[in-house]
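Keeping their order, the protein sequence lines are chains A and B.
Position one of the first sequence corresponds to residue 123 (our numbering), numbered consecutively onward.
Position one of the second sequence corresponds to residue 123 (our numbering), numbered consecutively onward.
Even for Gly, the Cβ is constructed at its ideal location relative to N, Cα and C.
All of these numbers come straight from a predicted model, not from anything done at the bench.
2 protein chains.
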Amino acid sequence: MAEKFMSMRNLKFLLYEVFDAASLTRYDDYGAYDRKMLDMVLQAAWELAQGILWPHFQEMDRDPPELAGDVVKVHSSVRDVLRTFGEGGWIAMTVPEELDGQQLPQIIADACHFIFCSANYSAAVYPGLCDGAARLIENFGSQALYDAFVPHMRGGRWQGTMALTEPEAGSSLADIVTTAEPTDEGYYRIQGQKIFISGGDHDGVENIVHLMLAKIKGAPAGVKGISLFVVPKKRISETGDLVSNDVVTSGIFHKLGYRGCPIAQLSMGDKEDCRGYLVGEPHNGLRYMFQMMNESRIGVGIGAAAIATAAYYAALEYATIRKQGRMIHEKDPSLPPVPIIQHPDVKRMLLFQRAVVEGSLSLLLQCSQYVDLKRVGSDEETEAYALLLDLLTPVAKSYPSENGILSISQGLQCLGGSGYCDDYPLEQYYRDARIHPIHEGTTGIQGQDLLGRKVMMKGGKAFKLYGEEVRKTISKAVGEERLQIQTRALEEALVLVEEVTAHLKGVAAKGDADKFLADATLYLELFGIVAIAWQWLKQGIVMVKGIDGAASEKEKNFYQGKLYALRFFFAYELPKTAGLARRLMNGDGLTVEMQEAFFKD
Amino acid sequence: MAEKFMSMRNLKFLLYEVFDAASLTRYDDYGAYDRKMLDMVLQAAWELAQGILWPHFQEMDRDPPELAGDVVKVHSSVRDVLRTFGEGGWIAMTVPEELDGQQLPQIIADACHFIFCSANYSAAVYPGLCDGAARLIENFGSQALYDAFVPHMRGGRWQGTMALTEPEAGSSLADIVTTAEPTDEGYYRIQGQKIFISGGDHDGVENIVHLMLAKIKGAPAGVKGISLFVVPKKRISETGDLVSNDVVTSGIFHKLGYRGCPIAQLSMGDKEDCRGYLVGEPHNGLRYMFQMMNESRIGVGIGAAAIATAAYYAALEYATIRKQGRMIHEKDPSLPPVPIIQHPDVKRMLLFQRAVVEGSLSLLLQCSQYVDLKRVGSDEETEAYALLLDLLTPVAKSYPSENGILSISQGLQCLGGSGYCDDYPLEQYYRDARIHPIHEGTTGIQGQDLLGRKVMMKGGKAFKLYGEEVRKTISKAVGEERLQIQTRALEEALVLVEEVTAHLKGVAAKGDADKFLADATLYLELFGIVAIAWQWLKQGIVMVKGIDGAASEKEKNFYQGKLYALRFFFAYELPKTAGLARRLMNGDGLTVEMQEAFFKD
């Protein structure tokens, strides 16, 4: 096993030096904290990760969940993790104090989630799901629902889930067929099937609480007829006991990776005795769920960046130790081999990883910061930050997911044949991370969301605000000689994104929706690269100051290294925008015209 | 399981319509065949693949090799496969008739290998290894060695291997420490360790024959002191029995994929009783091995393209059956969902796969054709084809390997959550294919080979010949209106490659070898994209004729589909050259300058 799964130094660089998280404690909402206390929270999160997540990272993969009879057996550490997280308040980090939460800034909570995921993604998912599901009840459910379920979920005693997908309804939630029949007794009778439910059943808790989408009988067709229910595996009987609620686990899926967490297939109401409790108003379920979904999408981005980070440190460790070959300019074969980290091509692979993981984390914390500023700002600010967050959510989900895979693949490549074998963790990271472009909305769906919805909403207001944000960073960087090339390159790249966007809006204006969105995935990719370039320049402004004022050689090296990663991103990654823009400006409807029959041979 | 693992129609399109393989039968060397017989060979290969490889594809992955005591147990089908291949002459496809071979054109043999690999990569490796190892003995070994080993290997009774890698010598073969001590009895005493030996030991054969690199005691340092030996697991005693040769399997590796084939760690001479038989002259081992290595590199390319092909057909099948969502322009949610193949973004993912797999296969068969033409041509032609083959080998190895992974990943993505689960074969293809950028020389090594050696050799003669070849294709395409855009784009892309090459040669001329080769991997990527564009245009010339003269709707659709894949490659993939060239023309030595200390934090 590698020694290190994340860099606290880099995390603090981003939190405090780039995003000035400590300044949030000036606001009433976060007034209970100061910098020192935030540091203590981060340290405690790291110790938790190091102590109870990291040690089981490999074992949870090799000893995956099993469906034995009607019980999904998971690794024994899951129970400890949930209990420890629950008792320590880690499932209520951003919950208000009056609801017994920690009321931490989102950016600190997300930083902790990043630490957990980098130590053991599968294990970190369990408490994360409890948190998200509980928040749905808090925000939209009745007091009675809150009392019955939330304390157990936040305490890590009951598992929360998001139960959306069905055999015939994945990307298209409009087509769910799980039904809810009203009764006179305050509950609905649920009948249907759900698949791919993370944490959907396991023996590490006393109960499972599904936040489930279903259609009330007679509801309108499509997404406008979807309601949200709490459907527990065991319901509370009149005598206060937990009794079966007719939710049966009909199977678990065997997955490429992310094996520490079971993904279940559920059958509700086989005995016509499954009760669901409506959350909020009928037919508003998708709107409620999308609150959780948007948070989950940021969560997926964090998970992807975290796995890629752990993979980067494993590759870095190997490259430092492993000796092979000599420098290209060295002709004497009798000299001893050098550590492979000295080979430029290996440094290239490592810098690529660093550029992806530190760029991704920066964009994710940027989103967290918007959540916090949205909370503490004026009404006008709140609207602006909400729009920026909406716009960037598909990007913050997809860039780390797609590039995380490439980054981990390069990490694996650094190890050569060893990377392909399970003596090293790279092959597991490679498998684990592949889920991220799929769950919580595929990359294709994110592309449609970004271009078809977010860029277009409110007459393009979010996109305009985004341009202003990027230009603020550019203004701050102007005049710094060490960032001159990159500042100019970012300005040009932003103009390119604006041109492409204007061009595509023109296509949309002509009414050809298919052609407009045909290359939305490429647009997402282009947008993502430029957004990450923006984040690197934002970091760059701090780095150059850091180099000049570094108190030690070690500190100076840290900033220097980051400056190389920044330069790498602009030299190797940003140029990819040229090819993407070329395609997007010349969309010829190729993929719209292509016929199914032409695939036959 | 998917129904289809490759397209015979496309394979024949390439073989006969693009590369005119049937015309090879006009030469004496291949005069025993005609088109009909070649078709029969292909059909027989397909039946073999369908009959004994494809049925065990999944099972061999789930029931991987095990080291039990001193026996490596492999799937029971391995024995049948080797015997059937051996008895059917499939391990001697290109061997001359006088050596009991089939004397088939290389292009047909490679096509058969492609069929086998697409059905079951792991299984196809066993006979492939026997073939390569036997050829080394045929070409460089004595008659006695030939008689003792080759018939058994070509008969599928003894397994052949390539034993190069050692714990401390992977990419850098100069550093091998396995020793060979001469004796007076015609053999050498071998002592050392080898790792990552494919097919290095298993119970599907009676014996294992390692073609092994070792250093004769007192040999010069580096690659100039490496010799090649035959080192069998069991040697033939004076009484003709097979007795232990002191080769012990000390372990097998647990791999991400490619699990049907064991990768062994071997220990030779623990009891000082391991005998090796010198092949050819002392100290010439690496040169001999490189003959096999170069063929193996093409073989890896074929394997990569084959796995990606099978993945493409699995994704295509799913996309045709799976219904989800409605067309973007369709607003009525009560309409039934459509097969996902109708969504432009899914067509984009499928076209990407098709562009990669059919482009890769074309480049690989181009290389096979050069092998054949090299054999039957005049001396001058032979030199030219040999140079072209040398130049294109690293490209034909790497492009399918690197892009095969991306292609399979897109195939997996087409299936969404199902792609991540083992109910479908995509996750296995995704794991299996990841070996290809690693074995037989990593992508980094291929980049160094292409730019540092192949482009530079003989004053750039191979590179010049390559340009002429590409321009021949361009000349043939000029005037065809349906290929006008692509013809011009290829001409521009070729010029770009020439400019980048000239620029890099300038860097080399200044003597800065590190900087010259720092981005060799990017150069390989750039070169590869343009080479595949060339192959697509070459196919395009045939396609447009095919569309015009198609005898049936089905045939017309086939050519139409290929034309869309061609257009896709030029619209979506070729533009990537812009960003790559931008970096290569502006190399600033970033990865050379980056210091190990800057990676610390």
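Status (buried if at least 16 other CB within 10 Å, exposed otherwise) for residue i
| i | result |
| --- | --- |
| K519 of chain A | buried |
| I527 of chain B | buried |
| D554 of chain A | buried |
| V203 of chain B | buried |
| Q108 of chain B | Lying outside 123 to 723, the shown extent of chain B, residue 108 of chain B is not represented and no answer is given. |
| F262 of chain A | buried |
| E125 of chain A | exposed |
| R157 of chain B | exposed |
| M707 of chain B | exposed |
| A343 of chain A | exposed |
| Q265 of chain B | exposed |
| L457 of chain A | exposed |
| E590 of chain B | exposed |
| A631 of chain B | exposed |
| P289 of chain A | exposed |
Three-state secondary structure assigned by DSSP to residue i
| i | result |
| --- | --- |
| P177 of chain A | helix |
| T371 of chain A | strand |
| L439 of chain A | The identity of residue 439 of chain A in the sequence shown is Glu, whereas the question assumes Leu. It is helical. |
| R556 of chain A | coil |
| E288 of chain A | strand |
| L537 of chain B | coil |
| K684 of chain A | helix |
| I663 of chain A | helix |
| S349 of chain A | strand |
| P404 of chain B | coil |
| K576 of chain B | helix |
| A343 of chain A | coil |
| G709 of chain A | coil |
| F271 of chain A | helix |
| T643 of chain A | helix |
| T564 of chain A | coil |
| D634 of chain A | coil |
| Q224 of chain B | coil |
| K594 of chain B | helix |
Per DSSP, the bridge partner or partners of residue i
| i | result |
| --- | --- |
| P354 of chain A | A:V331 |
| G301 of chain B | It is Thr, not Gly, that sits at residue 301 of chain B in the sequence shown. Partner(s): B:Q313, B:K337. |
| W85 of chain B | Lying outside 123 to 723, the shown extent of chain B, residue 85 of chain B is not represented and no answer is given. |
| L388 of chain B | B:K316, B:T371 |
| V193 of chain A | A:A190 |
| S366 of chain A | A:K356 |
| G724 of chain B | With chain B covering 123 to 723 only, the question about residue 724 of chain B has no answer from this structure. |
| K445 of chain A | A:P461 |
| K377 of chain A | B:C543 |
Rounded Cβ spacing between residue i and residue j (contact assumed at less than 8 Å)
| i | j | result |
| --- | --- | --- |
| L645 of chain A | L616 of chain A | Here the sequence assigns Tyr to residue 645 of chain A, which means Leu is not the residue at that position. No, Y645 of chain A and L616 of chain A are not in contact; Cβ-Cβ is about 14 Å, not under 8 Å. |
| K660 of chain B | T595 of chain B | 5 Å |
| K637 of chain B | G711 of chain B | 5 Å |
| G398 of chain B | V353 of chain B | 4 Å |
| Y440 of chain B | L537 of chain B | 5 Å |
Against chain B, which members of the region 366–390 of chain A pass a CB distance test of less than 7 Å? Against chain B - using a Cβ distance shorter than 7 Å - the residues of the region 366–390 of chain A are F375, H376, K377, L378.
Residues, ordered as in the chain, of the region 218–234 of chain B that lie near chain A by beta-carbon distance below 9 Å: Sequence-ordered contacts of the region 218–234 of chain B with chain A are nonexistent [C-beta pairs closer than 9 Å].
Short-range partners of chain A found in the region 607–629 of chain B, where Cβ spacing is below 8 Å: For the region 607–629 of chain B, which is checked against every Cβ of chain A, not one residue is closer than 8 Å.
Residues in the region 528–544 of chain B having any Cβ partner in chain A nearer than 8 Å: From the region 528–544 of chain B, only S531, L534, Q535, G538, G539, G541, Y542, C543, D544 have a Cβ closer than 8 Å to chain A.
Members of the region 438–455 of chain A near chain B, C-beta cut-off 8 Å: Within the region 438–455 of chain A, L438, T442, K445, Q446, G447, R448, M449, I450, H451, P455 place their CB atoms closer than 8 Å to a CB of chain B, listed in sequence order.
Identify each residue in the region 641–652 of chain B for which the Cβ-Cβ distance to at least one residue of chain A is less than 9 Å, and report them in chain order. Against chain A - using a Cβ distance shorter than 9 Å - the residues of the region 641–652 of chain B are D641, A642, T643, L644.
Positions along the region 267–296 of chain B whose CB lies within less than 9 Å of some CB in chain A: Cβ contacts with chain A come from T287, E290, A291, G292, S293, S294, A296.
Residues within the region 465–493 of chain A neighbouring chain B, beta-carbon criterion of under 9 Å: Listed in sequence order: H465, P466, D467, V468, K469, R470, M471, L472, L473, R476.
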